[in-house]
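This report refers to the structure that appears directly beneath it.
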Amino acid sequence: MRPILILFTSRITLILALLCSNTVLANINESNTPDPELRKLLSKAIEDSDSFEDRFDAEVWLVDMSRRLQKFVDDEQHRLLLLRGIHREASRANLTPELVLAVIEVESHFDDFAISRSGAQGLMQVMPFWLKEIGHPDDNLININTNLRMGCTILKYYMDMEKNNLHNALARYNGSYGSKKYSTKVLEALRINWRKR
């Protein structure tokens, strides 16, 4: 049996907190205040937590995606930590984990500590003002789980808003609505690196 499968089938549990180089900009209305519906969704997301429903499927997915993620993240333990969090938070938000992987590839290139010129932070480049808006000002967006939880919630909000139109939802996520440049990069990353074969 391969060592990675032994790791998954053993009872070793990775300790994860609650949550799943461009900028995630908030949905701002004309009065320059954050969208109250998105604020509510982010608050709820902080309180929820899920894990894999089917252990076998999770193991197959983790082995496959770990191999693919290796070109971005050398450390195997860190890859598995990232992948478990991504799968959990994408599933919780009803997004495909592969899409979230593509977004992270384009946003931060899997750099947990990425900070953009505009101040967006972490893997999914979430703007820090959201922490105050949802009543969690002391949370840390560099924390992988917090960042994934908020980023996936924001992306799902835009997917719903745009009725699953990927180009429009991704452009909103990036703050480049009306342009397909960013969304094309994400969809290309999805096609090349993350689509199930």
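Those letters in the sequence shown? Residues 1195 to 1391, by my numbering.
All residues carry an ideal CB built from backbone N, CA and C; glycine is no exception.
- request: Look at the alpha carbon of Pro-1230 and the alpha carbon of Met-1353, and state the distance between them as a whole number of angstroms.
  value: 17 Å
Once the 5 residues before and after Pro-1291 are set aside, which same chain residues still bring their CB inside 6 Å of it? Ile-1280, His-1281, Ala-1284
### Task
Report the option in Val-1254, Asp-1268, Leu-1381, Ala-1314 whose CA atom is closest to the CA atom of His-1361.
Leu-1381
Out of Lys-1357, Phe-1323, Asn-1358, state which residue places its alpha-carbon closest to the alpha-carbon of Met-1344.
Phe-1323
Within 10 angstroms of the Cβ of Ser-1312, are there 16 or more other Cβ atoms? Answer buried if so, exposed if not.
exposed
Practice problem: Alpha carbon to alpha carbon, how far is Cys-1346 from Ile-1338? Give it in angstroms, no decimals. | Solution: 12 Å
*Since Tyr-1376 is in the alpha helix (DSSP H), which residue starts that stretch and which ends it?*
1375-1383
My parser needs the alpha helix (DSSP H) runs of 4 or more residues fully inside the segment 1243-1296; what are they?
1249-1263, 1270-1286
Open item on the list: So the candidates are Val-1320, Leu-1276, Gly-1372; which of them puts its Cα closest to the Cα of Leu-1256?
Closed with: Leu-1276
Using the Cα positions of Asp-1305 and Tyr-1351, report the straight-line distance between them to the nearest angstrom. Those two C-alpha atoms are separated by around 24 Å.
Contact belief for Leu-1263 with Arg-1278 at Cβ below 8 Å, rounded distance in angstroms: Not really, about 12 Å apart at Cβ, beyond 8 Å.
>> Would Glu-1299 and Ala-1383 be called neighbours here (beta carbons separated by less than 8 Å)?
In response: Closer than 8 Å, so yes.
>> So, under 8 Å CB-CB, Met-1318 and Asn-1341 are touching, yes? Tell me the CB distance rounded to an integer number of Å.
In response: 5 Å
Hey, Ser-1373 and Ala-1363: beta-carbon distance below 8 Å or not?
When the beta-carbon positions are compared, Ser-1373 and Ala-1363 stay at least 8 Å from each other.
Same chain, Cβ closer than 6 Å to Val-1297, five either side skipped, listed in chain order: Here the set comprises Val-1380.
- [ ] State yes or no: is the C-beta of Leu-1295 within less than 8 Å of the C-beta of Trp-1388?
- [x] yes
- Item | Reference Leu-1335; option with closest CA among Gly-1329, Gln-1315, Ile-1348 | Gln-1315
Arg-1385 versus Asn-1368 - alpha carbon distance | Cα to Cα, the separation comes out at about 19 Å.
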